[in-house]
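The block underneath contains the structure these notes are about, expressed in structure tokens.
Structural data, given as structure tokens:
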């Protein structure tokens, strides 16, 4: 079978490897698509020879182990499984989900959806109809906007540098879209807004609870995006950090965050079996139309186009939202 492996930084190649064997308790899945995740862009750009990527898979069961009863050959499946840029992968039944009949393959790539649902569950509203700001409206940011709308948030303010990303946010349910330079003063509780703290008057001279947002979600993965998100949080508000910050260290104004007494929430998930359960829940929400987040896969690539795909994702070519590789 064919598999994509890295030849070095920003350069991949396709090699032939044996189709993997399965145990009596596993599934052999013929991969249809593997979704591209921005968490792998930096590793791709700095890759060492022999490294492999890919963890967002959807495909068809090609073979079942003799002890597997929940699946049969020909079933469309998705779930949690690594090394997905190849023609066949091995999956564990307890981390595998049936794809509902009314979902397209590219809409059922469930691993990133489970990450989004996990993040959303860490960011519940305090009161139904609360406002929230989302900084960064790429694929993951758009998914959060659509989830926040389904959850019952009120005003959803989306912020992104790219005009096309802001237009995408409108389609997903954002009630207001802004470029960073367009943010009004009443949305930003930074040192300019706070002024000099007066510790004899409850520690402030201005309405630090009325400027900014009680809930802010960051999904940029960049230092300036994270800094901006922190400035948008009002006193005693919450900042959810969902962007994948894997390309280096980050410097933030913790003095500001500390003074505002904000809560910061790491919105990533490492509990694999919990996420496997979320995979099933996501497919139900999509299938029933409760979570309206389909049709956002914009770019399809062959295995030979893997490097171009990463470059397109890097540069957001052609209003890139989500890319998948046909395997």
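Residue numbers (my numbering): 8 to 334.
Glycine included, C-beta positions come from ideal geometry on N, C-alpha and C.
Bear in mind that the values here come from a model prediction, so they are computed numbers and not experimental data.
The DSSP assignment places 139-142, 163-166 as complete runs of the beta strand (DSSP E) inside the segment 106-180, in order along the chain (cut-off: 3 residues).
Cα atoms of residue 299 and residue 123: separation of roughly 13 Å, rounded to the nearest angstrom. Listed in chain order, the non-local C-beta contacts of residue 303 below 6 Å within the same chain comprise 328, 329, local neighbours out to five positions each way being set aside. By the Cβ criterion, the segment 126-145 is in contact with the segment 153-164, since at least three pairs of Cβ atoms, one from each stretch, lie closer than 8 Å. Counting only the Cα atoms, residue 38 lies some 14 Å from residue 307. If you check the CB distance, residue 250 and residue 232 come in under 9 Å.
Inside the segment 230-262, DSSP marks whole alpha helix (DSSP H) runs of 4 or more residues at positions 230-239, from first to last along the chain.
In this structure, the straight-line span from the alpha carbon of residue 186 to that of residue 31 is close to 54 Å. Contact between residue 286 and residue 65 does not hold, since their C-beta atoms are separated by about 11 Å, which reaches or exceeds 8 Å. An exposed status is given to residue 324, since fewer than 16 other beta-carbon atoms sit within 10 Å of its beta-carbon.
Boundaries of the beta strand (DSSP E) harbouring residue 220: 220-225, taken from the DSSP string. Bridge partners of residue 13 according to DSSP: 19.
Bounds of the alpha helix (DSSP H) holding residue 319 are 313-322.
Taking C-beta separations shorter than 7 Å and ignoring five residues to either side along the sequence, the partners of residue 113 in its chain run 40, 304, 331, following chain order. About 12 Å separates the beta carbon of residue 241 from that of residue 266, a gap too long to meet the 8 Å contact definition. Distance from the Cα of residue 14 is smallest, within the candidate group 191, 67, 60, 216, for 60.
Rounded to whole angstroms, the Cβ separation of residue 154 and residue 127 is 5 Å, and the two are in contact under 8 Å.
As DSSP reads the structure, residue 307 sits in a beta bridge with 331.
The way I'd put it, the segment 17-26 doesn't touch the segment 279-295; fewer than three beta-carbon pairs between them come closer than 8 Å. Contact between residue 8 and residue 95 is confirmed by a C-beta separation of about 5 Å, below the 8 Å threshold. Annotation: the continuous beta strand (DSSP E) that includes residue 37 extends over 34-42. By the 16-neighbour rule on beta-carbons within 10 angstroms, residue 176 is buried. Its Cα nearest to that of residue 261, the residue 270 stands out among 254, 255, 301, 270. Collapsing the DSSP output to three states places residue 186 in coil. In the three-state reduction of the DSSP assignment, residue 87 falls in the strand class.
Around the C-beta of residue 256, fewer than 16 other C-beta atoms lie within 10 Å, and the residue is accordingly described as exposed. For residue 230, same chain residues with a beta-carbon under 6 Å away, outside a window of 5 residues either side, are 257 in chain order.
Taking residue 275 as reference, the option from 129, 77, 296 with the minimal CA-CA separation is 129. Spatial neighbours of residue 292 in its own chain (CB-CB distance under 7 Å, excluding positions within 5 residues in sequence) are listed in chain order as 298. In the DSSP assignment, residue 283 falls within the unbroken alpha helix (DSSP H) covering 279-294.
Taking 8 Å as the upper bound for CB-CB distance, residue 226 and residue 151 are in contact here, some 6 Å apart.
When the five nearest sequence neighbours on each side are left out, the beta carbons in the same chain lying within less than 8 Å of the beta carbon of residue 79 are those of 68, 71, in order along the chain. For residue 272, the secondary structure class from DSSP, reduced to helix, strand or coil, is strand.
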